[in-house]
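In order, the protein sequence lines correspond to chains Y and H.
The opening residue of the first sequence carries number 1 in UniProt numbering; numbering runs sequentially from there.
The opening residue of the second sequence carries number 1 in UniProt numbering; numbering runs sequentially from there.
First up is the structure itself, then whatever we jot down about it.
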Amino acid sequence: MTKPAPTREELRDFFVEELELTDELLPYDAEFAVDLGIDSLTTMELVVQLEKRYGVRLAEAEFAELTSVNAVHAVLSARLGTA
Amino acid sequence: MSGPARMRVTGLGMIAPGVDRPDRALGPRPVPAPGWFRVADALPGRGYRRLPAGCLYLLAAARAAAIDTGASFTGTPADRRAAMVGTNNAGAALIEEFDRTIIDLGAAELSPAHVPYMAMSMFAARLAPEHRLRGFDLTTNSPAVAGLDALQSAARALAAGRASVVLAGAVEEPPSPAQRSSTPTAFAPADIGAAILVCEPEDAPVDGATVHGYCATHSAFVPGPDHVRTVLAALWRELVHDGPPPRHIDAVLDDSAIGAAVAAGLPEHARGGGITAVPAASGGGCLTPVRRVVGRLAAPDGRGERTAVVAASAHGHLSVTLVTPAGDPGRRPLPVHTPTTSTTTKGHRP
């Protein structure tokens, strides 16, 4: 079932938990691959987790857009409605 | 006659329920208590939370072994570092979980982080980025003996000059729910955890590391119980052809016909020394024999004598590792090199 879009803060909490980071190490605009060294396999895992959590199925073409907390927030808000 | 290749052991790491140090590896094998393995303690840092349990055990044991060896390991060029790990049951529970997920929910629901571990070789493969291994990184798979076979393959590779240092050992995970429910007695006592030895060529310069001892492994396939005595005698002859026989035998055997035949054949090789019978589960974990090797190399209380660790599977795989602790008076004299500074970099053997 589709759920409401998360807030940016909720999304950051999700990534902080999943990536074993702290808030300070995860600015909203930090790029997962470039700034945090997150590999493609971890990215795929996070996509699956997001899909389950928010009841949404993301297209492969959208994966490339999921580069930061801000970017993920934008994609999910577009799909689920602005939080 | 040239016997099996020998290698020098300069680092030991051991993780199992109730065992967090190599010198406790000869201790009992308790039923694992919930939470017995604490990832944050064994593997400080990020990036471990999605790894399967076996991978975590292996990384923790390898980390401890590398620390034990110290600069001698870290000073070795990445392309001269390698790994050779045995396992038989690692990944079994994960594959069952995958099956259930696919049946119930579909393949799209599989965890991408876990999917690579459908291949049993992925457990040891994770050692490569962790320890900057750019040499070979191989896995041996067989019931009971895969760990000792990994030691044998590591010794051969070192003797052939294919690496300067090899992380060699075994890892096992708890049996899967289906394994436990179908044949519960086949998996007790549990064979869970990981054991890693840092291995170098026998005659390479000692680079400041503590030498725990030496290992040589020989193996064979026995087509049936009637052949055990002959095959065992041949293995023994080649293992001890240039040194004294072991003073002790650790026999890691199950209750199969092959296991019984091996147990019956060992007394004639004990030469008055003791035989420790270590019951093995017919479910075929391969960690316990390597655990005995680690324990014999690390034992501080006089149990670290020249020992043969014997393992056999119900199918007929038979492996024997001759363990010679550094302090054993019966060990073959070895060239002594002046220790160099800890920053020395090891290169290719001449």
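Beta carbons are placed, not taken as given, at the ideal position from N, Cα and C, and that holds for glycine.
This one's a predicted model, so the numbers in the text were calculated from it and none came from an experiment.
Asked, Found
"C-beta neighbour in chain Y for H/A16, strict 9 Å", "no"
"Listed by chain order, chain H residues near Y/E20 by CB distance under 9 Å", "G45, R46, G47, Y48 and R49"
"Rounded Cβ spacing between H/L167 and H/A62 (contact assumed at less than 8 Å)", "5 Å"
"Environment of H/V293 [buried if 16+ CB atoms lie within 10 Å]", "buried"
"For Y/V56 and Y/L50, the rounded distance between their alpha carbons", "8 Å"
"Contact list for H/S111 against chain Y, beta-carbon separation under 7 Å", "E45 and V48"
"Three-pair Cβ contact test at 8 Å for the stretch 26-36 of chain Y versus the stretch 63-76 of chain Y", "yes"
"Validate contact between the stretch 303-318 of chain H and the stretch 143-152 of chain H using beta carbons, cut 8 Å, 3 pairs", "yes"
"Simplified DSSP state of H/H317, which is helix, strand or coil", "strand"
"Coarse secondary structure for H/Y214, derived from DSSP in three states", "strand"
"Any C-beta of chain H under 9 Å from that of Y/T42", "yes"
"H/V294, enclosing alpha helix (DSSP H) - first and last residue", "L287 to A298"
"Short CB-CB distance (under 9 Å) between H/P116 and chain Y", "yes"
"Neighbourhood of Y/T43 by C-beta, 6 Å cutoff - its chain only, sequence neighbours within 5 removed", "none"
"Neighbourhood of H/P143 by C-beta, 6 Å cutoff - its chain only, sequence neighbours within 5 removed", "N88, G284 and S313"
"Cβ-based burial, H/T345 [other Cβ within 10 Å; buried from 16]", "Legend: pLDDT at H/T345 = 39, less than 50; position of this residue unreliable, value from coordinates given subsequently. So H/T345 counts as exposed."
"Cβ-Cβ separation, H/V262 to H/L232 (assumed contact under 8 Å), whole Å", "7 Å"
"H/E200 - DSSP class collapsed to helix/strand/coil", "strand"
"Contact test: Y/E51 Cβ vs the ligand GDP heavy atom, cutoff 8 Å", "Ligands in the displayed structure: none, and consequently the ligand GDP is not present."
"Under 9 Å between C-beta atoms of H/M14 and H/C55", "no"
"Continuous beta strand (DSSP E) assignments of at least 3 residues falling wholly in the stretch 115-148 of chain H", "137-141"
"Secondary structure of H/I258, DSSP reduced to three states", "helix"
"Run of the beta strand (DSSP E) containing H/E238, from where it starts to where it stops", "H/E238 -> not in any beta strand (DSSP E); alpha helix (DSSP H) instead, spanning V228 to L239."
"contact_flag[the stretch 193-211 of chain H, the stretch 169-180 of chain H] where n(CB pairs < 8 Å) is 3 or more", "yes"
"Same chain only: Cβ atoms within 7 Å of H/A326, ignoring 5 sequence neighbours per side", "V211, H212 and G213"
"Member of H/R180, H/V165 and H/P52 whose CA lies at the smallest distance from the CA of H/P205", "H/V165"
"Within 9 Å, strictly: CB atoms of H/G11 and H/A154", "no"
"Rounded Cβ spacing between H/G83 and H/A157 (contact assumed at less than 8 Å)", "In the sequence on display, residue 83 of chain H carries Ala and not Gly. With 8 Å as the limit, H/A83 and H/A157 do not qualify as a contact, their Cβ atoms being about 10 Å apart."
"Beta-carbon proximity check, H/C215 vs H/T324, cutoff 9 Å", "yes"
"Secondary structure of H/P325, DSSP reduced to three states", "strand"
"DSSP three-state assignment for Y/V75, whether helix, strand or coil", "helix"
"Where H/P279 falls: helix, strand or coil (DSSP)", "strand"
"Of the residues H/A298, H/P289, H/S181 and H/A128, the one placed nearest residue 361 of chain H, counting alpha carbons only", "Outside the shown range of chain H (1 to 350) lies residue 361 of chain H, about which nothing can therefore be said."
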